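Every letter in the sequence shown is one number past the one before it in the working numbering, and letter 341, counting from 1, is 341.
A quick write-up on the structure given underneath.
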Amino acid sequence: MHYLPEAMNDATSNSGKHSLLRKNLRYCLLDGIAAIPLTLLSQPGNIVLAALLTGIFALSSRNYGIIVSLPFWFNFLQVLVTPLLAKKLDARRLCVSSAWLQCAGWVLLTAALPFLPRGDTPLTLTVFIIGFSIISLSSAINGVAWNGWMQQVVPARLRGKYFGTRNRLLYVSMIVFLLSVSGLLALMHGSLSAYLVLFAAAIGLRVYSVLMQQRMKTPVTHGKHEPQLPWQDQLRQVRGNQMLVRFIGFAALMGFTINLFGPFFPVFMYDQLELSVAKVNWILLFGPIGAAVSFPAWGRLLDRYGNIPVMVVSLALWQLFNLIWCFVDTSNTWLLYVVATTGGLFSAGYGIGVFNLMLKLTPASSRTMGIALFVSLSSLAAAMGPPLGGYLIGWAKGQGYDPLVVYHSAFIFAPVVSLLNCLVLRQIHEAQASTITEVVGAMRNVRTVASLFGLSFLVSQVITRRDNVRRQRAAG
């Protein structure tokens, strides 16, 4: 009988693992890029759906609000469904199945659009509510399943750097898609046919992304992988994990804080600054651009210093620049470019940190319940924010206060409360994390700041040239 020596077996095994990892990372990247269009269209209150529902089909504000709130509510309700499905399907199969269900929901909704009457008719409302309920439920389950699956697929040592680079490319894809949307709607004069073409293209790309998911394989861990516990035991384990409970509480606080008045930034720009839709879209595009150039740098900082200190620094910078909203009026709208760009730059670091820390704190044997509770409770808090924010703004206007002063006062809330929320975040212990002082010190480095602004190559060239000149002078 012929056999390989044990060392050679180990080398072969390691080679196979590395090959599988490379394939998985490549397929994960292609999956994300192709999924971006339909993911954006499935988000609540996005520009495309707002124009379709209120413009083409002329739905009332009340019914529009009900429809766009569905993703938040299904993100909350999925905690009742996901653990039951996870008992029969592993993370990979649950992720792929829910992605196909999302595609099916969009296909049904797109096919029905040409036959729906305009206005708040029972048929139109029923089709939209059912269609977006299917899309929202599948998207909520898919998000939880994908997060759990990535915990198995992407090693912890690579997550910061990999997802930093991946998210950068995803944001580039987002920018291309948003520009394509503007061009298509302008070319076809915003007709229903333009939306049908747009949705069909997004569905086609999503189908491709699911096929990439199907080509990904969950690595074999040779018995080291912890099986998922029964969901009652998972809930008990999550409740007993003090750090995870604190993190879920922090995420809920942030969900409410950001969404109380955050959705009213566009309304402020339309009503008080009298900017056109095209102008607003152009300004907001600088946010994804800022995030795209900074993602890799944030990923490296997260890998080196840990999630919590980097999250505190990036969140503080993001919200400090958000205070600019409190000073914007018709005479200085150029400030909006600053707040949009810095918002993209610094929110990127916070966003990757939230994702990485969630994976790090969630026990492997209770992954499904931990992620489901995280998404559910943070979404519930986020869902309660906009109605209350709208009520408060409406009440203040009704009392006769200057609308500009009302909005400026409202926009103080998120920066101030977010900084207070950082105190909650600092109560969470993360193994092997550095101090906030070390992160601040690292960001004083020229190369680090340059990489955040996507200028690493330029700075490297300048520094290299200076070093060469100094060496030449020393040699002379």
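A virtual CB, placed ideally from N, CA and C, is assigned to each residue, including glycine.
Remember, it's a predicted structure, so these values are computed and weren't measured experimentally.
Taking a C-beta distance under 7 Å as the contact criterion, PHE76 and LEU388 do not qualify as a contact pair. Separation of TYR162 and TYR270 (C-alpha to C-alpha, rounded to the nearest whole angstrom) is 38 Å. Ranking PRO296, SER418 and LEU25 by CA distance to the CA of MET254 puts SER418 first. Taking PHE247 as the centre and dropping the five residues before and after it, the same chain places the C-beta of LEU361 and ILE428 closer than 6 Å to its C-beta, in chain order. Around the beta carbon of PRO155, fewer than 16 other beta carbons sit within 10 angstroms, so the residue counts as exposed. Under the DSSP assignment, LYS360 falls in the alpha helix (DSSP H) whose first and last residues are 335-361.
DSSP places HIS408 inside the alpha helix (DSSP H), whose first and last residues are 403-410.
The alpha-carbon separation between ARG22 and SER276 amounts to approximately 46 Å. Below 8 Å, enough C-beta pairs join the stretch 127-136 and the stretch 65-75 to call them touching: three or more.
In the three-state DSSP reduction, LYS23 falls in the helix class (H, G or I).
For GLN78, the enclosing alpha helix (DSSP H) stretches over residues 70-86. Counting every other CB atom within 10 Å of its CB across the protein chains shown gives ALA383 a total of 16 or more, marking it as buried. Nearest neighbour of THR257 by Cα position, chosen from GLN319, VAL144 and PHE295, turns out to be GLN319. Boundaries of the alpha helix (DSSP H) harbouring MET269: 265-271, taken from the DSSP string. DSSP places ASP329 outside both helix and strand once states are collapsed to three, so it counts as coil. CA-to-CA, the gap between LEU235 and LEU101 works out to about 27 Å. For ILE289, the enclosing alpha helix (DSSP H) starts and ends at 286-305. Of all C-beta pairs linking the stretch 336-351 to the stretch 288-297, three or more are shorter than 8 Å, placing the two stretches in contact. Distance check between THR437 and each of SER314, ASN24, CYS326 and ASN356 places SER314 closest, using alpha-carbon atoms only.
Relative to VAL406, the option among THR333, LEU425 and CYS326 whose CA is nearest is CYS326. Taking a 10 Å sphere around the C-beta of ASP31, we find 16 or more other C-beta atoms and assign the residue as buried. In this structure, the beta-carbon distance from LEU302 to VAL312 does not fall below 7 Å. By the CB criterion at 7 Å, ASN142 and ALA111 fall outside the cutoff. Taking 7 Å as the cut-off, the Cβ atoms of PRO415 and ASN322 count as close.
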